[in-house]
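Novice: Going down the list, the sequences are from chains A, B, C and D.
First residue of the first sequence? That's 1 in the working numbering, and the numbers climb one at a time after it.
First residue of the second sequence? That's 1 in the working numbering, and the numbers climb one at a time after it.
First residue of the third sequence? That's 1 in the working numbering, and the numbers climb one at a time after it.
First residue of the fourth sequence? That's 1 in the working numbering, and the numbers climb one at a time after it.
4 protein chains.
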Amino acid sequence: MTFHSDKLRDHACLIVHGPDQPGLVAAVTALITRNKANIVTLDQYSDNPEGGEFFQRVVFHRPELSAAFPEIEADLEKTLSPFGMEWRLTDQSIPKRMAILASTSDHCLLELLWRHRRGELPVTIPMVISNHTRVADDVRSFGIPFFHVPSQGPDKSEAEARILELLKDNVDFVVLARYMQIISEDFLDEVGVPVINIHHSFLPAFIGAAPYRKAKERGVKLIGATSHYVTKDLDEGPIIEQDVARVDHAMSAADLQARGAYVERAVLSRAVQWHAQDRVIRYGNQTIVF
Amino acid sequence: MTFHSDKLRDHACLIVHGPDQPGLVAAVTALITRNKANIVTLDQYSDNPEGGEFFQRVVFHRPELSAAFPEIEADLEKTLSPFGMEWRLTDQSIPKRMAILASTSDHCLLELLWRHRRGELPVTIPMVISNHTRVADDVRSFGIPFFHVPSQGPDKSEAEARILELLKDNVDFVVLARYMQIISEDFLDEVGVPVINIHHSFLPAFIGAAPYRKAKERGVKLIGATSHYVTKDLDEGPIIEQDVARVDHAMSAADLQARGAYVERAVLSRAVQWHAQDRVIRYGNQTIVF
Amino acid sequence: MTFHSDKLRDHACLIVHGPDQPGLVAAVTALITRNKANIVTLDQYSDNPEGGEFFQRVVFHRPELSAAFPEIEADLEKTLSPFGMEWRLTDQSIPKRMAILASTSDHCLLELLWRHRRGELPVTIPMVISNHTRVADDVRSFGIPFFHVPSQGPDKSEAEARILELLKDNVDFVVLARYMQIISEDFLDEVGVPVINIHHSFLPAFIGAAPYRKAKERGVKLIGATSHYVTKDLDEGPIIEQDVARVDHAMSAADLQARGAYVERAVLSRAVQWHAQDRVIRYGNQTIVF
Amino acid sequence: MTFHSDKLRDHACLIVHGPDQPGLVAAVTALITRNKANIVTLDQYSDNPEGGEFFQRVVFHRPELSAAFPEIEADLEKTLSPFGMEWRLTDQSIPKRMAILASTSDHCLLELLWRHRRGELPVTIPMVISNHTRVADDVRSFGIPFFHVPSQGPDKSEAEARILELLKDNVDFVVLARYMQIISEDFLDEVGVPVINIHHSFLPAFIGAAPYRKAKERGVKLIGATSHYVTKDLDEGPIIEQDVARVDHAMSAADLQARGAYVERAVLSRAVQWHAQDRVIRYGNQTIVF
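1. Is residue 120 of chain C close to chain B, meaning its C-beta is less than 8 Å from at least one C-beta of that chain?
2. State the beta-bridge partners of residue 19 of chain A as determined by DSSP.
3. Could you name the residues of chain B that residue 141 of chain C contacts, counting a contact when the two beta carbons are closer than 7 Å?
4. Taking three-plus beta-carbon pairs below 8 Å as touching, is the segment 199-208 of chain B in contact with the segment 227-239 of chain B?
5. Kindly say whether residue 188 of chain B, judged by its beta-carbon, lies nearer than 8 Å to any beta-carbon of chain D.
6. Just list the alpha helix (DSSP H) runs in the segment 179-247 of chain A, keeping only unbroken ones of 4 residues or longer that don't cross its boundaries, in chain order.
7. Would you mind listing the beta strand (DSSP E) stretches within the segment 111-142 of chain D that are 3+ residues and don't spill past its ends, in chain order?
8. Compare the C-beta of residue 61 of chain C with all C-beta atoms of chain D and state if any pair is closer than 8 Å.
9. In chain A, which residues lie less than 7 Å from residue 82 of chain B when you measure between Cβ atoms?
10. Span of the beta strand (DSSP E) holding residue 250 of chain A?
11. For residue 109 of chain C, decide whether its Cβ has a neighbour in chain B, counting only Cβ atoms nearer than 8 Å.
12. Which residues of chain D have a Cβ atom closer than 9 Å to the Cβ of residue 202 of chain B, listed in chain order?
13. Going straight from the alpha carbon of residue 15 of chain C to that of residue 56 of chain C, what length do you get?
14. Measure the alpha-carbon distance for residue 1 of chain D versus residue 64 of chain D and round it to whole angstroms.
15. Closest by CA to residue 97 of chain A, which one among A:270, A:122, A:267 and A:86?
16. Interface residues of chain C around residue 248 of chain A at Cβ under 8 Å?
17. Once DSSP output is grouped into helix, strand and coil, what is the label at residue 64 of chain D?
18. Would you call the segment 261-272 of chain A in contact with the segment 243-252 of chain A, where contact means no fewer than 3 C-beta pairs closer than 8 Å?
19. From residue 124 of chain D to residue 49 of chain C, what distance separates their C-alpha atoms?
20. What residues in its chain sit with their C-beta under 7 Å from that of residue 289 of chain C, if we drop five residues either side in the sequence?
21. Is it buried or exposed, residue 82 of chain D, if we count other Cβ atoms within 10 angstroms and call 16 or more buried?
22. What does DSSP give as the partner residue(s) for residue 12 of chain B in the beta ladder?
23. Count the other CB atoms within 10 Å of the CB of residue 131 of chain B; is the residue buried (16 or more) or exposed (fewer)?
24. With a threshold of 7 Å on Cβ separation, who are the neighbours of residue 110 of chain C within its own chain once the five nearest residues in sequence on each side are excluded?
25. Restricting to Cα atoms, I'd like to know which of D:191, D:54, D:72 and D:136 is closest to residue 105 of chain D.
26. Cβ closer than 7 Å: which chain D residues qualify as neighbours of residue 42 of chain C?
27. Which residues in the same chain as residue 70 of chain A place their Cβ atom closer than 6 Å to its Cβ, once the five residues preceding and following it in sequence are excluded?
28. Name the DSSP beta bridge partners of residue 175 of chain D, please?
29. Under a Cβ-count criterion, where at least 16 other Cβ atoms within 10 Å of its own Cβ denotes burial, should residue 44 of chain C be classed as buried or exposed?
30. Compare the Cα-Cα distances from residue 88 of chain B to each of B:113, B:17, B:161 and B:145 and report the closest residue.
31. Tell me which residues share the same chain as residue 356 of chain A and place their Cβ nearer than 7 Å to its Cβ, disregarding the 5 neighbours each side in the sequence.
32. Taking residue 298 of chain A as the query, report the chain B residues whose CB atoms sit under 7 Å from its CB, ordered along the chain.
33. Alpha carbons only, please: which of A:224, A:114 and A:197 is nearest the one belonging to residue 173 of chain A?
34. With respect to the beta strand (DSSP E) encompassing residue 282 of chain C, which residues constitute its N-terminal and C-terminal limits?
35. Excluding five sequence neighbours on each side, which residues of the same chain lie with their C-beta closer than 6 Å to the C-beta of residue 159 of chain D?
36. So, using beta-carbon positions, are residue 142 of chain C and residue 117 of chain C closer together than 8 Å?
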């Protein structure tokens, strides 16, 4: 799934979300037709076709999309307001701007940088920020700006302020690629964009610190990783993706951690890709992933 | 995924297939709306949005569906003919009639009977036919009619004629659940309904007889199973589903076969379920599975 | 992996367990040689070769094993006592006697009965006990005795007493195949043989009741099942085997449960097979699985 | 599974292979004991305990291993010759020297370099050779020497001669990390060390060129990758490892290739790791992997 800009030129993604009701799909598809666009993919889900919640993602192709964008938005406003639906229209040829926060581990970070270079993530990466300098050379070898924001001591407010300053108006979402610092509620309030984390366990098992040690102690036969949106409740945000790997009695906690790194980087990469493609819709503490 | 008849009452499944073109989805969804139906699920795929082949599956709910069925069909005819589309409308509350052909192996057969009893396959099973009697008691313990049609000797035409007689007008599709006889071209021409097979290898690897022995000789590290529609070309029909299991050097060909049985029954069951739910569309030698 | 009695004739399984120390493996293998036996498989594990805990499983072939059994036991006693090792020698041609406790769900129960009939579980099944009669006919169709022990009301002591009476001296281990009753500490003390349970979640996630509902609420992307030895701490016993299946937002809690049933029956069957083959060694709250 | 040199100091790996016979394991373990070594891990397999082929891998710890090495070798010679066994003793603290041949694809190459840097591959990498210069900077950023050996035109003999010159006495094995050139029989004769390849299909399916295109045409539901030792018969050498990934009808051949890259790099990395750890024994056209 590579993302050549020419492949995505004149492609828009429409997310519609709200109370399910008859005629909704017909209204949306008629709107697309009368705006001279052609549907490329369409996914939808209703948690109950009789009065439930409705979710839809449509990718359509419209020649000269950017010129027509305001008109389509106006039509959407007019058409969907009576239904009481929320909607969001994005130009797929404009990649989202993604900042990565990392610490000393490189496996999730390098995987994202490499997939990006390979053309598999429809994002730009304006910056990588770390509280250590260990990954600086690697990051810059990909041509990505690196910023070092140290974070010693119990008071993280200065570091967070500095990070917010760097992010401010520069990014569309933030990825915590094994960033081993707890994010404050204030930071979340201020940052104003989605924050995606990778947790090194199969949540809700082994919430909190040192999940691989806990997994070893409990004697599990599989370890996992979970990517989720960050909320104020640590390790409790909406789950985007999870996966597991088989382990056995002969593996130490360090072995579990080494094996787990491969699960973490794969799970985080998929979550980032889906988010960047507007495939993930948050609803309560859950996600719809199209 | 259980199939309570009341859950499927007044539900229809519409399959649309043909040349992709602007306005098609809008036309279909408008048709559904004006026929007072509500879309439950909608899947679609186009192999090229600019002039490719278009495939769509819509499940909709329409109160008093059976009364409205002819009207909706007439509307579909009128609406989709100008687009040059093929379509098929089915009442989901009417289960498909599935015949099973088996030999002596019971693993695929019993899995289908058990999933059916459990309410996970939206089918009726008017008959199981076998060239052996070994599975007769098991079949009848599920309350399913069993017919023994012996098939000795090189000339299978008499056995096939007897089977065709049993199937004639009684079934909507046929499943070969490890039926170890080669089906003739004449049989396929006569039977007039889809025939689904389970092959005990990851096709196209190990085509033909004794795939587990060949897998052992080749020293593969995974074995697989493939469910496909039967065509005149042995082991070459459109693939519906495949899966694999890990094996190692310590396993004999008999061990591979025992392990493989679990893959076979799972793969065949999924293929049968998807076919019964009208999720599988054949196109050339491939399948679209929604 | 089928278990023909002739294939296991004159085969013994030796489990050795205790403090790791130089010369241990040499001592065991020399003992096997001087007792005219030939090693078929040998697995071992030490959690630390310098002063850790040592675990070994050796299957050996010894013509006229039953005649030689007392001699070999005496030699083991003499040889391994100086090392301070625990050991256990079993004649593999004598299948373990397994009782199954079930309630109304049939998926785990039938899978065990069917794998047993197929020759894949080296056990005899002297009885199935259920607090309901729903599975009685199925059980008896496999030629297995069925006993109904009702268990209404809050006081389970009478039912447990009746079950213990049935089990007493008749079984080598007990399997709870979705037996939806909490086992009392007294029962565990009295029963005197290992008890294996299948829990319908990926432990330690969703401990306790209604795990599929909790999984749906948490929005996980995988569901799992865990087979473990039963201890006094509910859902906390040593884990034998775990596995998972992928789910998505469109699945209800009932759908998760239906999907999970396939994971449960596979996980429990593997755990039972491994236990019956003396492949599982308990150590603290963990298992070594060879 | 990281490989700290201090963790492997004074560790030896012994591979024993030949006709199974009583007393063999006892003889080997007694030898290890009398040479003052302690067994760390022991794996063995016999394809038939009565007169079959026997394979064993023992890792043992012997203080001051290098001083004792010649003595242990002499003892092995004396002890195992009467049994007619082949054996090989290696000092695990001496990493194997691995050359990588690559073309323009970087996914397998970078994965190996990164796992090596991470300490997960017990090898040194004296050189990467490519017929293109595209990966040169990446390779050198890992501190690994890069050599460009162009390979235009039908006659590859000059390029192969140049490569052989570079490899000569400098490496213990060669990895073809998506090296898109066919290796001549002469090259294989000359190189004198094992050569490991990654093939971009689940062999024996889609042998030869363009497997992802063929997979798309056949409509398979899983794609795979296979790592194998290179022999004179193209794509027919002993398989070390295989794995698969799920695909669907909506993916183009290019999408299959992109998805497949992740399978390829994982499969090749595992095969390389196991080879480097002396876990793989070739026997006929198969492998025993301990």
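Yeah, the Cβ is synthetic: ideal placement off N, Cα and C, and Gly gets one too.
Specialist: So, to answer that:
1. If you number the third sequence from 1, residue 120 of chain C lands on position 120. It does: the Cβ of residue 120 of chain C has a partner Cβ on chain B nearer than 8 Å.
2. Taking the first sequence and counting its residues from 1, one reaches residue 19 of chain A at position 19. Answer by DSSP bridge pairing, in chain order: A:53.
3. Counted from its first residue, the third sequence places residue 141 of chain C at position 141. Result: 141.
4. yes
5. The residue given as residue 188 of chain B occupies position 188 in the second sequence. Not an interface residue.
6. 185-191 and 211-218
7. With a minimum length of 3 residues, the continuous beta strand (DSSP E) runs that stay inside the segment 111-142 of chain D are 123-130.
8. Taking the third sequence and counting its residues from 1, the one referred to as residue 61 of chain C is at position 61. Yes, residue 61 of chain C lies at the interface with chain D (some Cβ there is under 8 Å from its Cβ).
9. Taking the second sequence and counting its residues from 1, one reaches residue 82 of chain B at position 82. Chain A residues near residue 82 of chain B: none, gap ~15 Å exceeds 7 Å.
10. Taking the first residue of the first sequence as position 1, residue 250 of chain A is located at position 250. Premise fails: residue 250 of chain A is in no beta strand (DSSP E) and is neither H nor E.
11. For the purposes of this step, residue 109 of chain C is taken as the residue at position 109 of the third sequence. No - not a single Cβ of chain B is within 8 Å of the one on residue 109 of chain C.
12. If you number the second sequence from 1, residue 202 of chain B lands on position 202. Result: 202, 205, 220, 222, 224 and 244.
13. Start at 1 with the first residue of the third sequence, and residue 15 of chain C comes out as number 15. Start at 1 with the first residue of the third sequence, and residue 56 of chain C comes out as number 56. Roughly 6 Å between the two C-alpha positions.
14. Taking the first residue of the fourth sequence as 1, we reach residue 1 of chain D at position 1. Taking the first residue of the fourth sequence as 1, we reach residue 64 of chain D at position 64. A caution first: residue 1 of chain D carries a pLDDT of 47, below 50, which makes its placement in the model unreliable, though a value can still be read off. A straight line joining the alpha-carbon of residue 1 of chain D with that of residue 64 of chain D spans about 24 Å.
15. Taking the first sequence and counting its residues from 1, the one referred to as residue 97 of chain A is at position 97. A check of alpha carbon separations from residue 97 of chain A across A:270, A:122, A:267 and A:86 identifies A:122 as the nearest.
16. The residue labelled residue 248 of chain A in the question sits at position 248 within the first sequence. Neighbours of residue 248 of chain A on chain C, chain order: 289.
17. Taking the fourth sequence and counting its residues from 1, one reaches residue 64 of chain D at position 64. Note: residue 64 of chain D maps to coil in three-state DSSP.
18. yes
19. The sequence position of residue 124 of chain D within the fourth sequence is 124, counting from 1. The sequence position of residue 49 of chain C within the third sequence is 49, counting from 1. Cα-Cα distance, rounded: 27 Å.
20. Translated into positions along the third sequence, residue 289 of chain C becomes position 289. Annotation for residue 289 of chain C: 240, 274, 279 and 280 place their beta carbon closer than 7 Å to its own, counting only its chain and skipping 5 residues before and after.
21. For the purposes of this step, residue 82 of chain D is identified with residue 82 of the fourth sequence, where counting begins at 1. Its Cβ having fewer than 16 others within 10 Å, residue 82 of chain D is exposed.
22. Counted from its first residue, the second sequence places residue 12 of chain B at position 12. Residue 12 of chain B pairs with B:60 and B:91.
23. Within the second sequence, residue 131 of chain B is the residue found at index 131, counting from 1. Buried, because 16 or more other Cβ atoms sit within 10 Å of the Cβ of residue 131 of chain B.
24. In the third sequence, residue 110 of chain C corresponds to position 110, counting from 1. Counting only Cβ-Cβ distances below 7 Å, and skipping sequence neighbours, we find 138.
25. Here residue 105 of chain D refers to the residue found at position 105 of the fourth sequence. Cα-wise, what sits closest to residue 105 of chain D is D:136.
26. Counting from one through the third sequence, the residue named residue 42 of chain C turns up at place 42. Here the neighbours are 25, 42 and 44.
27. Against the first sequence, residue 70 of chain A aligns to sequence position 70. Around residue 70 of chain A: no qualifying Cβ.
28. Here residue 175 of chain D corresponds to residue number 175 of the fourth sequence, with the count starting at 1. Bridge partners of residue 175 of chain D: D:100 and D:196.
29. Within the third sequence, the letter at position 44 stands for residue 44 of chain C. Under this definition residue 44 of chain C is a buried residue.
30. In the second sequence, the residue the question calls residue 88 of chain B occupies position 88. If we check each option's Cα against that of residue 88 of chain B, B:17 comes out closest.
31. Any property of residue 356 of chain A remains undetermined from this structure, which presents chain A solely from 1 to 290.
32. Past the edges of chain A, shown from 1 to 290, lies residue 298 of chain A, and the structure says nothing about it.
33. Position 173 of the first sequence, counted from the start, is the residue given in the question as residue 173 of chain A. Nearest C-alpha to residue 173 of chain A: A:197.
34. As a working mapping, residue 282 of chain C is identified with position 282 in the third sequence. Note, residue 282 of chain C: beta strand (DSSP E), 280-283.
35. Indexing the fourth sequence from 1 puts residue 159 of chain D at position 159. Short of 6 Å from the beta carbon of residue 159 of chain D, and not among the five residues preceding or following it, lie these beta carbons of its own chain, in chain order: 149 and 151.
36. Residue mapping note: residue 142 of chain C aligns to position 142 of the third sequence, counting from 1. Residue mapping note: residue 117 of chain C aligns to position 117 of the third sequence, counting from 1. It is a contact, given that the beta carbons lie within the stated cut-off.
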